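Heads up: the structure comes next, in structure tokens.
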Amino acid sequence: MGPADYSIDMRGWKPRARILRTAAPPGLPGVIHAQHNLLVRLNQFPTALNLRLIADGQHQLSTTLAGLADRYSPTLAARWTTRAATYRDLQRLLRDIGGNLGTGHHAATEAANALTRARALSPNSEIQLRLLHSLDHLFDLTDTHISDLIDEGLRRHAYLPRHTLDELEHRDGNVIATPKTAYAPALTTGTSPSWSSSRTAYAPRPLPRPPRAHPQSRSTARQPRPLPLRPDGSSALHLSG
1 MGPADYSIDM
11 RGWKPRARIL
21 RTAAPPGLPG
31 VIHAQHNLLV
41 RLNQFPTALN
51 LRLIADGQHQ
61 LSTTLAGLAD
71 RYSPTLAARW
81 TTRAATYRDL
91 QRLLRDIGGN
101 LGTGHHAATE
111 AANALTRARA
121 LSPNSEIQLR
131 LLHSLDHLFD
141 LTDTHISDLI
151 DEGLRRHAYL
161 PRHTLDELEH
171 RDGNVIATPK
181 TAYAPALTTG
191 TSPSWSSSRT
201 AYAPRPLPRP
211 PRAHPQSRST
221 ARQPRPLPLR
231 PDGSSALHLS
241 G
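Here it is in structure tokens:
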């Protein structure tokens with residue numbers, strides 16, 4: 001047997017995230033409620049169409065919230081403006097991605113719920129900074145997950161980029177013949193902007209991970225450690241207040 005791995009004692013154990021089935025709270029907590037459910041729903045692989053709807057929803061959501069956050073945190077507002085531009089470009093690029101495998105209609109619905117609730121917020125409403133940072137953390141997790149989904153979809157040919165063929169289409173009803181197009185598997189994953197855009201323009205901050213091998217004893221490793229703090233000094237996600 002190899003050496004014991006006590007990494008779970010150092011990291012702690014967290015149960016799998018679950019759908020919040022309670023009624024959505026008013027205000028920004030309601031947006032966080034929907035964004036959390038979107039992240040959980042993304043555990044089901046979305047079709048190319050639903051992924052495009054989700055990207056469009058995240059673009060509009062980030063645009064709306066960036067304007068509200070500017071009063072409280074210009075740094076977050078700038079991050080979300082960049083995030084909005086990334087999802088705008090990604091949504092456009094996903095128009096050239098096809099694929100009917102998967103589901104994702106529940107995730108698309110939650111993305112729409114988050115946008116609807118964000119648009120209902122009053123521009124003069126008081127927002128707690130810790131809620132903005134909680135939402136920013138959810139954005140980080142969502143961005144990483146969507147980026148991984150695109151890579152996985154292209155790797156297993158569930159998402160097919162559209163290619164232009166070396167022949168003309170004569171039966172599309174247009175007076176001038178246009179080049180034929182077809183959906184085909186990508187030659188190499190990660191070489192086109194359509195799936196690298198979400199990693200380059202908006203790179204989520206990596207979560208700190210302790211090393212797997214640690215010289216401390218098990219009893220020492222099990223000593224409680226303080227939780228990592230967010231930039232505002234909070235250490236947990238809150239949906240109330």
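Using the working numbering, read the sequence shown as starting at 1 and increasing by one per residue.
Glycine included, C-beta positions come from ideal geometry on N, C-alpha and C.
A quick note: this is a predicted structure, and the numbers were derived from the prediction, not measured.
Three-state secondary structure (DSSP) of residue i
i, result
"P123", "coil"
"P161", "strand"
"T22", "coil"
"T109", "helix"
"T220", "Low confidence applies here, because T220 scores a pLDDT of 48, under 50, leaving its location unreliable; read the following figure in that light. Helix at T220."
"G98", "strand"
Contact set for residue i: own chain, Cβ-Cβ below 8 Å, skip 5 residues either direction
i, result
"A17", "H36, L39, V40"
"L138", "I32, Q35, H36, L39, L237"
"G55", "Residue identity differs from the one stated: residue 55 is Ala in this sequence, not Gly. Contacts found: Y87, L90, Q91, L94, I146."
"L115", "G57, Q60, L61, T64"
Beta-carbon contacts of residue i that lie in its chain and below 6 Å, excluding the five residues immediately before and after
i, result
"L141", "L39"
"W80", "S62, L65, A66"
"A158", "G99, L101"
"A77", "A66, A69, D70"
"E110", "A34, N37, L38, R41"
Continuous alpha helix (DSSP H) stretch holding residue i: start and end
i, result
"T249", "The question about residue 249 has no answer, for the chain in this structure spans 1 to 241."
"L65", "48-69"
"F45", "Per DSSP, F45 belongs to no alpha helix (DSSP H) and is neither H nor E."
"R130", "129-155"
Integer-rounded CB distance, given that residue j should sit under 8 Å from residue i
i, j, result
"Q44", "T103", "5 Å"
Own chain, CB closer than 7 Å to residue i, minus 5 neighbours either side, in chain order
i, result
"N100", "T47"
"T75", "none"
"E250", "Nothing can be reported for residue 250: it is not among the residues displayed for the chain, which extend from 1 to 241."
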